[in-house]
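Numbering (my numbering), first residue to last: 1 to 195.
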């Protein structure tokens, strides 16, 4: 599979310095070597801890979270992207093809998105999201659980900038999803906003 690397620059408010933000496909970073997959698993532990107050997850007896089925991450319709800020591992984004929560049609889904707290509110997450949208033109959906007010605010702001406000939000209460879902069409890199 081709390497997917998109460099961006993010302003770090504390110093005013510009730093590079990059994403890459984990299967390229891992290189097919199962010994490298623990990098993603360790990031997932940080994610589960960070979201435990929203998702209600508890640690298991071995001191770890066992919420996500790790085998699904390496399915052909699933993409694991790692995020780096100034050369330091800073999070991940999981993109998948799925049947739309709203109408069942084939749609891109931002299944999970995580940036370490140290790197939040500096613009890098929005750059990463826009790069992924540009790299996957077509229909998209993003969903947040009811208790995820910060995530919902982030996605509304990011989508507002990316689509010029041309996204739709519905609240679902179905067997497949409970909570708000935003949907939009990503035109690709040639026609998107740079702000």
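Glycine included, C-beta positions come from ideal geometry on N, C-alpha and C.
* Asked: What residue from 184, 92, 44 has the CA that sits closest to residue 119's CA?
  -> Closest in alpha carbon position to residue 119, among 184, 92, 44, is 92.
* Proximity winner among 114, 68, 41, 186, relative to residue 50 (alpha-carbon distances) -> Here the closest residue by C-alpha is 114.
* Chain-order list of residues whose beta-carbon lies under 6 Å from that of residue 116 (same chain, five-residue window excluded) -> Same-chain partners within the cutoff: 90, 91.
* Mark residue 111 as exposed unless 16 or more other C-beta atoms lie within 10 angstroms of its C-beta, in which case mark it buried. => So residue 111 ends up on the buried side.
* Taking buried to mean at least 16 other C-beta atoms within 10 Å of its own C-beta, is residue 124 buried or exposed? -> Answer is buried; the Cβ neighbour count reaches 16.
* To do: State the Cα-Cα distance for the pair residue 168 and residue 186, rounded to the nearest angstrom.
  => Going by the C-alpha atoms only, they are around 13 Å apart.
* To do: Report yes if the CB atom of residue 39 is closer than 8 Å to the CB atom of residue 80, and no otherwise.
  => Cβ distance not < 8 Å, so residue 39 and residue 80 don't count as in contact.
* **Three-state secondary structure (DSSP) of residue 45** => Correct three-state label for residue 45: helix.
* On a CA-only basis, which of 108, 174, 172 is nearest residue 135? Give me that one, please. => Out of 108, 174, 172, 108 has the C-alpha closest to the C-alpha of residue 135.
* Asked: Should residue 95 go down as buried or exposed, given a rule of 16 or more other Cβ atoms within 10 Å for buried?
  -> So residue 95 counts as buried.
* To do: May I have the straight-line CA-CA distance separating residue 178 from residue 37, to the nearest angstrom?
  => Spanning the two alpha carbons is a distance of roughly 30 Å.
* Which whole-angstrom value is the C-beta distance of residue 140 and residue 184, which I expect to be below 8 Å? -> Going by Cβ atoms, the distance from residue 140 to residue 184 rounds to 6 Å, so yes, they are a contact pair.
* Alpha carbon to alpha carbon, how far is residue 138 from residue 59? -> In a straight line, the C-alpha of residue 138 is about 38 Å away from that of residue 59.
* Locate the beta strand (DSSP E) running through residue 107, then write down its first and last residues. => Counting along the chain, the unbroken beta strand (DSSP E) around residue 107 starts and ends at 106 to 115.
* Where residue 180 sits in the DSSP three-state scheme -> Residue 180 falls in the strand class under three-state DSSP.
* How about residue 132 and residue 55: are their beta carbons less than 8 Å apart? -> Going by C-beta atoms, residue 132 is not nearer than 8 Å to residue 55.
* Can you grab the Cα-Cα spacing for the pair residue 164 / residue 158, in whole Å? => Approximately 10 Å between the Cα atoms of the pair.
* Simplified DSSP assignment, three categories, for residue 6 -> Low confidence applies to residue 6: its pLDDT is 46, below 50, so where it sits in the model is not reliable, and the reading given next is rough at best. In this structure, residue 6 counts as strand in the three-state DSSP scheme.
* To do: Provide the residue(s) that pair with residue 140 in DSSP beta bridges, ordered along the chain.
  => Bridge partners of residue 140: 108, 184.
* Within this structure, are the beta carbons of residue 143 and residue 102 separated by less than 8 Å? -> With a cutoff of 8 Å on beta-carbon distance, residue 143 and residue 102 are scored as not near each other.
* Does DSSP put residue 166 in a helix, a strand or coil? -> Residue 166: coil per DSSP, three-state reduction.
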